[in-house]
Each structure stands twice: as structure tokens, then as C-alpha cells.
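Chemist: Just dropping this structure here.
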Amino acid sequence: MNESDQPKVTRRDVLVMGAASVVTPALTGRLAHGQGGISRWGSHQGSTEIPTTMQTKFLVNGVSRELELDPRTSLLDALREHLHLTGTKKGCDHGQCGACTVLVDGVRINACLSLAVMHEGDNITTIEGLGTPEKLHPMQAAFIKHDGYQCGYCTPGQICSAVAVLNEIKSGVPSHVTADLLTAPEASNVELRERMSGNICRCGAYSNIAEAIGEVTGSNA
1435 MNESDQPKVT RRDVLVMGAA SVVTPALTGR LAHGQGGISR WGSHQGSTEI
1485 PTTMQTKFLV NGVSRELELD PRTSLLDALR EHLHLTGTKK GCDHGQCGAC
1535 TVLVDGVRIN ACLSLAVMHE GDNITTIEGL GTPEKLHPMQ AAFIKHDGYQ
1585 CGYCTPGQIC SAVAVLNEIK SGVPSHVTAD LLTAPEASNV ELRERMSGNI
1635 CRCGAYSNIA EAIGEVTGSN A
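For what it's worth, this note's numbering labels the leading residue of the sequence shown as 1435, then goes sequentially.
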């Protein structure tokens, strides 16, 4: 058989065939289950609609809140877009900068990596719930005193994380630099810096942040 007799397949043919191989099974499945398909007699198949939202109820800054959410909504977007608590910042949206740190039952998490529907019944605290301009949380007051910020974008996450760090040390939770796992960790310079390493300050105010946390803990950080 000569090469000239062989069918020639172009790049366009490969792309078309690849797209068809993906679409056909999906379309067949939809028709088989009557989801938006048309029967052989020309009428629409009946089907049970799958709900696209879920009711989620949790406590936010001491107030019970109930939301109707797309189950794919992150906790960060629920707080910012639905409850308008914009103190919690969206930085990288990949859990790498810590700007979205909030407290869930006293434990810090990256709100961008957690779905809101996962927190049914949880007690959530954002920067707005830590203190007010009239009555600041001690950590907020220390950040102001020591100028622990420049642009301020990461500051809410830094403060929430710092508050959680103190709770971790008080509860005896070790870190990667805790020397003795059999004794309670101390709020040393090294310990605090290690625990705060997940919160990035692009302005580089780390030394001032360390001083602020050190004042609240009574250490020399």
C-alpha cells in the first residue's frame, strides 16, 4: 500500500474527534436519565430536579446567620459576598498567603480553602468580631502601637492568626520547632515566628508584627 493511498489525518481532525469523544458519552447519559433531553416521541423527559443551593446555618461573630448557598461557595466568599464582612481579605485564593484567616471554634483556618456548607453549626469569628474601634482586642491594640502593618491588606489575617497562635501555645499544641514535645511550648521568638510563617506580609512588616505579638504574650519576640 502506497503512502499516497493512506488516509491523511490533520490536526483539525484530531481535535474534532477528541471533542466528540468527550461530548457524546455525556449527552448519552443525560438523555438516558431524562435530564434536559427529548424522548424518541419528541416530548421532554420528566426528571427530578437536583437542588442547586443548600441552607447553611452558623454563628458568625456571635450572631446566628442562615444562608442559601451554592454548595461550592467557599467560606471566604460567604463571609465577604453574602454577609458583607469584608474585613476578611481575599489574597491568593489558594491558601498560601493567610490573608483570609478566620477562627472556627477558636481554631484558625484559611477561609478560601473551606466550603461554607462544611461549617454548619460552627462558631466563626472574623476580624470584625474580635474587637471594635471603641473596644479593641489586645492584639489589635498592639498591632497599632507597634505599627505592625503598612498597606494593611494582610493585617486582619495576621491578627486572627496571632490570636489563634496564643490559644495554640496555651493549649500545649506543638509546632515544628517545639524542642520538647513532652512539655508545654513557650511563646519564644522562634516559636512565634514559626507559627506565624503561613501569614505573608508583602510589605515586610514582620519585625513590627513580632513585637506586637510579643507584647501581648509578654515575651521578647
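Cβ coordinates follow ideal geometry from the N, Cα and C atoms, glycine included.
For the putative contact between A1621 and G1582, defined by C-beta atoms under 8 Å, what is the C-beta separation to the nearest angstrom?
Modeler: For this step, residue 1621 is matched to residue 187 along the sequence shown. For this step, residue 1582 is matched to residue 148 along the sequence shown. Not a contact, Cβ separation roughly 16 Å.
Chemist: Would A1533 pass as a contact of K1523 if the rule is Cβ separation under 8 Å?
Modeler: Here residue 1533 is taken as the residue at index 99 of the sequence shown, counted from 1. Here residue 1523 is taken as the residue at index 89 of the sequence shown, counted from 1. In this structure, K1523 lies closer than 8 Å to A1533 by Cβ.
Chemist: Measuring CB to CB, does T1535 end up less than 8 Å from G1591?
Modeler: Against the sequence shown, residue 1535 aligns to sequence position 101. Against the sequence shown, residue 1591 aligns to sequence position 157. Yes, the pair counts as a contact, with Cβ atoms nearer than the cut-off.
Chemist: With which residues is K1491 paired in a DSSP beta bridge?
Modeler: Looking up residue 1491 in the sequence shown gives position 57. K1491 is bridged to E1500.
Chemist: What's the gap between the Cα of P1505 and the Cα of T1444?
Modeler: Walking along the sequence shown from the start, residue 1505 turns up at place 71. Walking along the sequence shown from the start, residue 1444 turns up at place 10. For P1505 and T1444, the distance between alpha carbons rounds to 42 Å.
Chemist: Helix, strand or coil, according to DSSP, for V1599 in the structure here?
Modeler: One-based indexing of the sequence shown puts residue 1599 at position 165. Here V1599 sits in helix by DSSP.
Chemist: Pull up the distance between the alpha-carbon of N1601 and that of L1547, whole angstroms please.
Modeler: For the purposes of this step, residue 1601 is identified with residue 167 of the sequence shown, where counting begins at 1. For the purposes of this step, residue 1547 is identified with residue 113 of the sequence shown, where counting begins at 1. Distance between the alpha carbons of N1601 and L1547: 22 Å.
Chemist: Spell out the partners DSSP gives S1508 in its beta bridges.
Modeler: On the sequence shown, residue 1508 is found 74 positions in, with the first residue counted as 1. Answer is L1549, bridged to S1508.
Chemist: With DSSP collapsed to three states, give me the class of T1535.
Modeler: Translated into positions along the sequence shown, residue 1535 becomes position 101. Strand.
Chemist: Which residue marks the beginning of the beta strand (DSSP E) containing G1578, and which one marks its end?
Modeler: Counting from 1 along the sequence shown, the entry for residue 1578 is found at position 144. Note that residue 1578 corresponds to Ile in the displayed sequence, not to Gly. No beta strand (DSSP E) holds I1578; the alpha helix (DSSP H) holding it covers P1572 to K1579.
Chemist: How about C1635 and C1594: are their beta carbons less than 8 Å apart?
Modeler: Here residue 1635 refers to the residue found at position 201 of the sequence shown. Here residue 1594 refers to the residue found at position 160 of the sequence shown. In this structure, C1594 does not lie closer than 8 Å to C1635 by Cβ.
Chemist: In the DSSP assignment, the beta strand (DSSP E) including N1557 goes from what residue to what residue?
Modeler: In the sequence shown, the residue the question calls residue 1557 occupies position 123. N1557 to T1559 is the extent of the beta strand (DSSP E) around N1557.
Chemist: Rounded C-beta distance between C1637 and Q1574? I'm assuming under 8 Å.
Modeler: Taking the sequence shown and counting its residues from 1, the one referred to as residue 1637 is at position 203. Taking the sequence shown and counting its residues from 1, the one referred to as residue 1574 is at position 140. The pair is not a contact, with the Cβ atoms about 18 Å apart (cut-off 8 Å).
Chemist: In whole angstroms, what separates the C-alpha of H1528 from that of G1555?
Modeler: Here residue 1528 is taken as the residue at index 94 of the sequence shown, counted from 1. Here residue 1555 is taken as the residue at index 121 of the sequence shown, counted from 1. Roughly 25 Å separates the two Cα atoms.
Chemist: Count the other CB atoms within 10 Å of the CB of C1510; is the residue buried (16 or more) or exposed (fewer)?
Modeler: Looking up residue 1510 in the sequence shown gives position 76. Note on residue identity: the sequence assigns Leu, not Cys, to residue 1510. Buried, because 16 or more other Cβ atoms sit within 10 Å of the Cβ of L1510.
Chemist: May I ask which residues mark the beginning and end of the alpha helix (DSSP H) holding R1514?
Modeler: What you label residue 1514 is simply residue 80 of the sequence shown in a count that begins at 1. Counting along the chain, R1514 falls outside any alpha helix (DSSP H), and DSSP gives it neither H nor E.
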